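Each remark here refers to the structure printed beneath this line.
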Amino acid sequence: MRRQVTCEQGTLEGLAVGDPSITAFRGVPFAAPPVGPRRWRPPQLPAPWQGVRCAFDDAPACLQPIPGASNPFYDKEWGMDPAIPLDEDCLYLNIWTPALRGSGADARLTGEPLPVMVWIHGGAYQCGCAMEKEFDGTALARQGVVVVSVAYRLNVFGFFSHRWVQEEAEEGAPYANFGWLDQQAALRWVRRNITVFGGDPTRICVFGQSAGAASVLAQCCAPGNAGLFSRAIMQSGAGLGYFNATLCSLESAQSTGARLMRRLGVENLDEARAVDAQTLFEGASRLEAPEGVDDAVWPMMVNWVPCVDGVFMPRQERDLILDGQTKNIDLVVGDTQDEFMVSDGQGHQVRAGREGNRRLIAAWQHGGGRAPYCYHFDVPMPGDDAGSFHSSDLWFVFGTLGSCWRPMRGCHVELSQCMSRYWTRFAAMGDPSGPGLVHWDRTDMHGDRFLHLGFPVEMRSGHRGA
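The structure is reproduced here in structure tokens:
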């Protein structure tokens with residue numbers, strides 16, 4: 000069934016497939032294509048269109064390493080399709096809403112405005128996309144929320160810095176962290192337009208996992224986002240630990256950008272913007288890490304990362320939190336039992352992430368915020384001995400167990416339903432507890448009080464292992 004809505008750019012037509020109560024709008028532009036002269040510039044408003052724009056298909060993901068090519072684990076476990084289209088033109092979002100009834104141009108909203116959940120995907124800022132199969136928003140939307148998944152510029156397209164870009168920028172305008180700026184632009188688009196999809200712009204919850212969770216933290220800390228959303232969920236984002244402990248300096252980021260330009264033989268910004276996207280990506284992916292970086296670290300993960308740019312991110316995140324930047328945002332933060340142990344065998348990352356979450360929880364409260372809700376996902380995944388690996392909780396949160404290759408049982412389905420209710424209750428109320436759910440208490444100053452999401456679901460205190 001086709002249903003139409005009219006947003007600020009024009010009329011969109013979405014599809015209700017499978018479940019007639021949920022209408023999906025895919026590939027909706029929230030910014031102009033960041034190509035040519037718009038490369039390495041803040042996102043700009045998308046152009047309006049005439050007539051009806053079909054929003055039936057996924058848009059391309061940002062240009063990135065071919066999904067699954069370097070490690071089959073990512074293709075097998077994280078739903079990464081090696082055949083997905085990749086393009087520098089990637090600033091699109093997807094929306095699932097339960098609020099529309101009727102068909103075509105006669106579709107109408109029903110009921111009161113619903114809470115909105117905006118998903119930011121992970122991928123170390125280098126890869127990933129908004130349409131991985133575990134992110135399908137249909138099941139979550141059935142819980143009475145409008146779900147939005149957003150794409151953003153990655154790797155060299157999203158996190159390139161250079162003095163040329165800074166010198167070109169108008170006074171006060173951002174000139175780095177373009178991937179984060181894309182996320183901000185998507186949130187602003189949602190705030191302006193979500194009412195036509197049945198969403199409540201005053202009840203927006205931003206949630207993400209891994210680099211997506213780190214991005215949620217950045218959006219919470221960014222002064223330009225004050226009042227844009229009021230709730231946040233950070234899943235396996237390492238809090239203020241590991242790569243998030245200290246953001247890269249602008250000088251270091253610009254030095255990396257200069258090394259790439261020299262490698263490509265580029266002498267000015269116009270030439271840099273004229274470089275073919277594939278050539279640019281290949282050059283960036285081959286660039287060595289700066290001196291002194293551990294050889295075991297993937298160079299792209301230190302070359303093309305966010306920085307303290309003095310504009311979007313004026314200071315280190317911890318300092319902004321302590322100064323009260325996040326005090327009006329309710330927070331859920333958590334991790335999985337095994338995190339990176341299966342994919343990379345890096346137990347020190349698991350420990351660093353847990354310690355980072357503790358630092359985040361303490362800073363959040365020292366900065367005047369209310370104590371967060373803390374969780375720990377501990378479900379050995381059926382089918383082999385994979386444990387509770389990094390991102391394994393996503394199938395449960397989104398209710399997409401049926402798309403996972405693993406032989407899930409009734410107990411897993413029940414836990415998934417429980418987790419989806421916690422997440423959507425938090426988005427709606429700022430408090431995840433509700434009828435039929437184990438009461439989820441706020442944590443303490445050290446993050447030692449948490450909800451164990453496993454068998455059984457229960458509040459626990461103390462050490463979480465690893």
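The sequence shown begins at 0 in numbering that gives the first Met the number 0 and counts up one residue at a time. Just so it is clear, CB atoms sit at the ideal spot from N, CA and C, and this is done for glycine as well. As the structure is a prediction and not an experimental result, all values here were calculated from the model.
| field | Beta-carbon gap between A30 and P47 smaller than 8 Å | value | Along the sequence shown, one-based indexing puts residue 30 at 31. Along the sequence shown, one-based indexing puts residue 47 at 48. Not closer than 8 Å, so no.
| said: Using only the alpha-carbon positions, how far apart do P434 and A221 sit? | reply: What you label residue 434 is simply residue 435 of the sequence shown in a count that begins at 1. What you label residue 221 is simply residue 222 of the sequence shown in a count that begins at 1. Whole-angstrom Cα-Cα distance: 35 Å.
| message | Just to confirm the assignment, what range does the beta strand (DSSP E) spanning Y372 have? | response | As a position in the sequence shown, residue 372 is number 373, starting the count at 1. Unbroken beta strand (DSSP E) run through Y372: 372-377.
| said: For L393 and R408, I'd like the C-alpha separation in whole angstroms. | reply: Residue mapping note: residue 393 aligns to position 394 of the sequence shown, counting from 1. Residue mapping note: residue 408 aligns to position 409 of the sequence shown, counting from 1. Taking the straight line joining both Cα atoms gives about 16 Å.
| For N224, which three-state DSSP category applies? | Mapped onto the sequence shown, residue 224 falls at position 225. DSSP places N224 in helix when its eight states are reduced to three.
| request: May I ask you to report which of helix, strand or coil DSSP gives H411? | output: Within the sequence shown, the letter at position 412 stands for residue 411. Looking at H411 - three-state DSSP - the assignment turns out to be helix.
| Roughly how many whole angstroms lie between the Cα atoms of W118 and V146? | For the purposes of this step, residue 118 is identified with residue 119 of the sequence shown, where counting begins at 1. For the purposes of this step, residue 146 is identified with residue 147 of the sequence shown, where counting begins at 1. Spanning the two alpha carbons is a distance of roughly 8 Å.
| message | Whether or not the segment 231-244 and the segment 202-220 are in contact is what I'm after, with contact meaning three or more pairs of Cβ atoms, one per stretch, closer than 8 Å; do they touch? | response | yes
| query | For L436, which residues from the same chain have a beta carbon less than 7 Å from its beta carbon, with the 5 sequence-adjacent residues on both sides left out? | reply | Within the sequence shown, numbered from 1, the residue matching residue 436 stands at position 437. Excluding positions up to five away in sequence, the list reads C417, R420, Y421.
| Contact check, R187 vs P200, beta carbons under 8 Å | Taking the sequence shown and counting its residues from 1, the one referred to as residue 187 is at position 188. Taking the sequence shown and counting its residues from 1, the one referred to as residue 200 is at position 201. Contact: no.
| By Cβ distance, which residues of its chain are closer than 6 Å to I193, with the 5 residues on each side in sequence left out? | Walking along the sequence shown from the start, residue 193 turns up at place 194. Correct list, in chain order: V115, P200.
| Cβ neighbour criterion (16 or more within 10 Å) applied to D269 | Start at 1 with the first residue of the sequence shown, and residue 269 comes out as number 270. When all chains shown are included, D269 counts as exposed.
| query | Bridge partners of D449, per DSSP? | reply | For the purposes of this step, residue 449 is taken as residue 450 along the sequence shown, with counting starting at 1. Rather than Asp, the amino acid found at residue 449 in this sequence is Phe. R459.
| field | R441: first and last residue of the uninterrupted beta strand (DSSP E) it sits in | value | Reading the sequence shown from its first residue, position 442 is the one you call residue 441. Where R441 is concerned, there is no enclosing beta strand (DSSP E), given that its DSSP letter is neither H nor E.
| The beta strand (DSSP E) enclosing V205, as first and last residue numbers | As a working mapping, residue 205 is identified with position 206 in the sequence shown. Looking at the DSSP string, the run of the beta strand (DSSP E) that includes V205 is 198-208.
| request: Note down, in chain order, each residue of its chain lying with its Cβ closer than 8 Å to the Cβ of G461, except the 5 sequence neighbours on either side. | output: Translated into positions along the sequence shown, residue 461 becomes position 462. Closer than 8 Å at Cβ, skipping near neighbours: D447.
| task | Please classify T22: does DSSP put it in a helix, a strand, or coil? | result | Indexing the sequence shown from 1 puts residue 22 at position 23. T22: strand per DSSP, three-state reduction.
| Heavy atom of the ligand NAP less than 7 Å from the Cβ of W404, yes or no? | Among the ligands in the structure shown, none appear at all, so the ligand NAP cannot be discussed.
| field | Buried/exposed call for H411, threshold 16 Cβ in 10 Å | value | Position 412 of the sequence shown holds residue 411. The residue is buried, with at least 16 neighbouring Cβ atoms inside 10 Å.
| task | In angstroms with no decimal places, state the Cα-to-Cα distance between D334 and V265. | result | Stepping through the sequence shown from its first residue, residue 334 is reached at position 335. Stepping through the sequence shown from its first residue, residue 265 is reached at position 266. Cα-Cα distance, rounded: 43 Å.
| Count the other CB atoms within 10 Å of the CB of I65; is the residue buried (16 or more) or exposed (fewer)? | Taking the sequence shown and counting its residues from 1, one reaches residue 65 at position 66. Flag for I65 reads exposed.
| request: Could you give the DSSP three-state label for C61: helix, strand or coil? | output: The count along the sequence shown starts at 1 and reaches residue 61 at position 62. Reduced to three states, the DSSP call for C61 is strand.
| query | Is DSSP giving E7 helix, strand or coil here? | reply | Position 8 of the sequence shown, counted from the start, is the residue given in the question as residue 7. Coil at E7, not helix or strand.
| When A175, M130, G198, M444 are compared against E354, the one with the closest alpha-carbon | Taking the sequence shown and counting its residues from 1, one reaches residue 354 at position 355. Comparing Cα positions, the closest option is M444.
| task | Evaluate D181 with the Cβ neighbour count: other Cβ atoms within 10 Å of its Cβ, from every protein chain shown; 16 or more gives buried, anything less gives exposed. | result | As a working mapping, residue 181 is identified with position 182 in the sequence shown. Classification for D181: buried.
| Straight-line CA distance for L99 to A426? | Within the sequence shown, numbered from 1, the residue matching residue 99 stands at position 100. Within the sequence shown, numbered from 1, the residue matching residue 426 stands at position 427. Between L99 and A426, the C-alpha separation is close to 20 Å.
| Do D308 and Y174 have their C-beta atoms within less than 8 Å of each other? | Residue mapping note: residue 308 aligns to position 309 of the sequence shown, counting from 1. Residue mapping note: residue 174 aligns to position 175 of the sequence shown, counting from 1. Against a cut-off of 8 Å, the Cβ pair of Y174 and D308 comes out as a contact.
| task | Confirm, please, whether the CB-CB distance from M380 to S390 is below 8 Å. | result | Your numbering for residue 390 matches position 391 in the sequence shown. Your numbering for residue 380 matches position 381 in the sequence shown. Taking 8 Å as the Cβ cut-off, S390 and M380 do not qualify as a contacting pair.
| query | Can you list, in chain order, the residues of its chain whose CB lies under 6 Å from that of R317, leaving out five sequence neighbours each side? | reply | Within the sequence shown, residue 317 is the residue found at index 318, counting from 1. Here the set comprises L239, A362.
| request: Write down every uninterrupted run of the beta strand (DSSP E) in the segment 230-265 whose length is 3 residues or greater and which is fully enclosed by it, in chain order. | output: Scanning the segment 230-265 from its first residue to its last, the whole beta strand (DSSP E) runs of 3-plus residues come out as 230-234.
| field | Neighbourhood of P19 by C-beta, 8 Å cutoff - its chain only, sequence neighbours within 5 removed | value | Mapped onto the sequence shown, residue 19 falls at position 20. Counting only Cβ-Cβ distances below 8 Å, and skipping sequence neighbours, we find M0.
| Is it the case that the Cβ atoms of D329 and R357 are separated by a distance below 8 Å? | For this step, residue 329 is matched to residue 330 along the sequence shown. For this step, residue 357 is matched to residue 358 along the sequence shown. Cβ distance not < 8 Å, so D329 and R357 don't count as in contact.
| said: Restricting to Cα atoms, I'd like to know which of G17, T5, A54 is closest to F24. | reply: Your numbering for residue 24 matches position 25 in the sequence shown. Of the listed residues, the one whose Cα sits closest to F24 is A54.
| Limits of the beta strand (DSSP E) - the one that L330 falls within | In the sequence shown, residue 330 corresponds to position 331, counting from 1. Where L330 is concerned, the enclosing beta strand (DSSP E) stretches over 329-335.
| request: Any chance you could list the beta strand (DSSP E) runs of at least 3 consecutive residues sitting entirely within the segment 123-156, in chain order? | output: 145-149
| field | Pick from T109, W163, Q324 that is closest to M312, judged by C-alpha positions | value | Here residue 312 is taken as the residue at index 313 of the sequence shown, counted from 1. Cα-wise, what sits closest to M312 is Q324.
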